[in-house]
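For reference, the structure is listed below as structure tokens.
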Amino acid sequence: MAGHATQLDAKTLWGGKESPFQTSYGKLMMWFFLVSDALTFGGLLVAYGFTRHDFQGAWPIGEETFNSMPFLGHGYPLLYVALMTFILIVSSVTMVLAVEAGHRMDKNGVVKWMIATIIGGFFFVGSQAWEWSHFIHGSEFGKIELSDGAQAIVKGHFGEIKNFTVVEAGKHHKKGAVITEDLMHEFQHAAEKGYLKDGKIQLHDGSIAKINKEADSHMKLIIKKDGKTNKVGDAPIHGKAAEKMYYESLYAGEPNHVIYGANLKQNEYGPQQYGQFFFFITGFHGFHVFSGVIINIIILLGVMAGTYHKRGHYEMVEKTGLYWHFVDLVWVFVFTFFYLI
Amino acid sequence: MERDDLIEYSLHAHHSEDQGKVIRKKIYFVTILLTVITVLEVALGAYIKQSSGAWPYVKWSFVVLTLLKAGYIVMVFMHLGDEKKTLRYFILVPYILFILYLIFIALWEALEIGSAWATYGGA
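So, in structure tokens, the structure goes:
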């Protein structure tokens, strides 16, 4: 492929004309950039490892945190991330095929494979947007602080909220009114603020309503922080016992018993740093993918205009290819160290 | 003025139709390999829990499989394997040395800090 090595004597090598690496300036500089960028990502992942190693409590487990699929719901541990990995690997393959076509001066081949690469890149960025949105909004159950002070994450199927029936009038809602809109949002907001009590919700306008909700199923509580009786590492609590403990705390009418989703201060999955590293590492990688797609589009325009064909070689495609493969390379490590381990 | 004494290495990268076939075959082989490794990793992660006794082995096999994947991406997709040996080592050796040192020093320090917290307490 590239860089056909030929034997050179020392005089030619150091004479200033021949490159010791027998490669062009541009490609060498791209490698220099990639090494420095790899150091940045290496630093980020090592920092993540540092935090995990000195952390005292239970660290979130990837397959418990990331187990949702678009349109399918919960119960698919890590499948979505695996799909994202596969998409990125495939787009890396189409890129290397574009480079190969370039070496044969096959302009149409380069165009075809670069378009495929760009589509793959957009798919990956889109997947990441979905995952961020899911991470930020969180699960329907959230993380619950039990009555003994222990904290638990909750798995299972959340019974749908049908409506709220007002039993005590407030500023807007009259007694007997049935509210059917924005239920989940109201419910979670009230849960965080401690406005849920004995099966009733206090709405924004001060009215009190009865919650008409379907039963949950397959509920499972996994302890993540020690309490007086429940400890980390205990067997998960299932079914009715789990429901009793969960709703005892949720309907206690006290604030801050439940956390939904994630922001930079807290998240339902684990310690604060977990959310911060998630946002920074996947965000920084996602930014690289996004810039990669933009660069690929610019180069594709150059290919279509025939700029590189006239030049006699498609090295620009090879150089952007290097960057694109690097993005895939980083993801392989993020996938292992952030999601799997 | 255009210089004619510079060597266009970029032109050395061309290959023929037949060579292309061989290269593409290698690319497809690596694609399948990377996919199989990813599927294997997810299956291992789904079936063996972190609380199980086999987890440490699974964890280390993740690291080994990841390095294998990374090796194929760098050597074949980024075709560092086809570059001159000096360039290959010039890129890889300093990086690997530095990152190994960083991993060692940071994780060791983290374990010590962790045990200090555990011993002397604190919020």
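If you read the protein sequences in the order shown, they are chains A and B.
First residue of the first sequence: 59, per our numbering; consecutive thereafter.
First residue of the second sequence: 2, per our numbering; consecutive thereafter.
Glycine included, C-beta positions come from ideal geometry on N, C-alpha and C.
Output needed for Leu137 (chain A): all residues of its chain with C-beta closer than 7 angstroms, excluding positions within five of it in sequence on either side, in chain order. Met127
Please go through the same chain and pick out, in chain order, the residues whose beta-carbon is closer than 6 angstroms to the beta-carbon of Leu102 (chain A), but skip the five residues on each side of it. Ile339
Please state if the CB of Phe199 (chain A) and the CB of Ile219 (chain A) are separated by a distance shorter than 8 angstroms. no
Sequence-distant residues of its chain with Cβ nearer than 7 angstroms to Lys229 (chain A) (five each side left out): Asp263 and Gly264
Secondary structure of Lys69 (chain A), DSSP reduced to three states: helix
In the DSSP output, what is Leu57 (chain A) paired with across the bridge? What is shown of chain A runs 59 to 399, which leaves residue 57 (chain A) out entirely.
Contact list for Ile147 (chain A) against chain B, beta-carbon separation under 9 angstroms: Thr32, Leu35, Thr36, Thr39, Lys70 and Ile74
Extent of the continuous beta strand (DSSP E) run through Glu226 (chain A): Ile219 to Glu226
Per DSSP, what kind of secondary structure is Lys323 (chain A) in: helix, strand or coil? coil
Count the other CB atoms within 10 Å of the CB of Ile8 (chain B); is the residue buried (16 or more) or exposed (fewer)? exposed
Using the DSSP secondary-structure output, state which residues sit across from Ile202 (chain A) in a beta bridge. A:Ala210 and A:Val316
For Lys401 (chain A), three-class secondary structure by DSSP: There is simply no residue 401 (chain A) to check, as chain A begins at 59 and stops at 399 in what is shown.
Suppose you measure from the CA of Met242 (chain A) to the CA of Leu130 (chain A); what does that come to, to the nearest Å? 19 angstroms
Between His111 (chain A) and Ala111 (chain B), what straight-line distance do the alpha-carbon atoms span, to the nearest angstrom? 5 angstroms
Helix, strand or coil at Ala55 (chain B) [DSSP, three-state]: coil
For Val392 (chain A) and His343 (chain A), believed in contact at Cβ under 8 angstroms, the rounded distance: 6 angstroms
For Glu376 (chain A), is the classification buried or exposed, using 16 other Cβ atoms within 10 angstroms of its Cβ as the cut-off for buried? buried
Hey, is Ile49 (chain B)'s beta-carbon within less than 8 angstroms of any beta-carbon in chain A? no
Between the stretch 309-318 of chain A and the stretch 144-151 of chain A, are three or more C-beta pairs nearer than 8 angstroms? no
Tell me which same chain residues have a C-beta within less than 7 angstroms of the C-beta of Met374 (chain A), skipping the five on either side of it? Ile357, Gly360 and Tyr366
Against Lys26 (chain B), what residues of chain A qualify as contacts under a CB-to-CB distance less than 9 angstroms, listed in chain order? Chain A residues near Lys26 (chain B): none, gap ~11 angstroms exceeds 9 angstroms.
Buried/exposed call for Trp61 (chain B), threshold 16 Cβ in 10 Å: exposed
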